Amino acid sequence: MKVEYLIKIILPTFVIFAVLVWLTATHVISGWLMYLLWVVGFVGANLWVTRVTAKRSYHRLRKQREKEAEQRKNE
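The numbering used here puts the sequence shown at residues 41 to 115.
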């Protein structure tokens, strides 16, 4: 895997959860607000990872199809 790809996935999710852990540990958030923010954090991180991986997969498949079409054209 490329380093840029890993950074796009790991860095935003790390920041989200680091902020949530910090807010929870310092007792800035607690109770239902804490639960709500953690759920929103998980959903947001999952959506981000899904978006990045889907975009990469789409581009990879598009390049592969273009390559196959070019090979058929050359035959």
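Backbone N, C-alpha and C define an ideal beta-carbon position, used for all residues, glycine too.
Because the structure is a prediction, the values reported are computed rather than measured.
Check: Taking the alpha helix (DSSP H) that E44 falls in, what are its first and last residues?
Finding: V43 to A65
Check: Can you give the Cα-Cα distance for I69 and L63, rounded to whole angstroms?
Finding: 6 Å
Next item on the list: In the DSSP assignment, find the alpha helix (DSSP H) that holds V83 and state where it starts and stops.
Entry: G71 to N114
Notebook entry, point to check: How many Å lie between K113 and I49 at the Cα?
Noted result: 37 Å
Notebook entry, point to check: Measuring CA to CA, which of K42, G81 and E44 is closest to V61?
Noted result: G81
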